[in-house]
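This report concerns only the one structure given below.
Numbering (our numbering), first residue to last: 9 to 114.
Right under this line is the structure:
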């Protein structure tokens, strides 16, 4: 658990360092490509097949991934060009609080 906390905490500083040298699009490509490669290798190493899903489920998962993950990470990556890593981490990690407050209003 300590390793997970260290990786999460170091994520913002590493992202800020990468943005000093690369464009936001390149940073996103590295993040998504690296994670995709890691999980593909993990699937191969464990020999576990993908969970069989219906076509409608794949479409929903792709939409959720696009809206819930890709747009959030793209906005964070682009926004980190304008703010510090510390402020970015506070904004991103307070997301559950914002979600709870907005859901209360609805």
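The beta carbon of each residue, even a glycine, is placed where N, CA and C say it ideally should be. Every value quoted in this text rests on a predicted model; they were computed, and no experiment measured them.
### Message
Would residue 29 and residue 81 be called neighbours here (beta carbons separated by less than 8 Å)?
### Response
no
### Task
Please list the segments of the alpha helix (DSSP H) lying wholly inside the region 15 to 77, counting only runs of 4 or more residues, in order along the chain.
32 to 54 and 63 to 72
### Task
State the DSSP-derived secondary structure class of residue 86, mapped to helix, strand or coil.
helix
### the region 61 to 77 / the region 43 to 50 touching (three or more Cβ pairs under 8 Å)
no
### Secondary structure of residue 97, DSSP reduced to three states
helix
### Message
Taking the beta carbon of residue 25 as the centre, do at least 16 other beta carbons fall within 10 Å, making it buried, or is it exposed?
### Response
exposed
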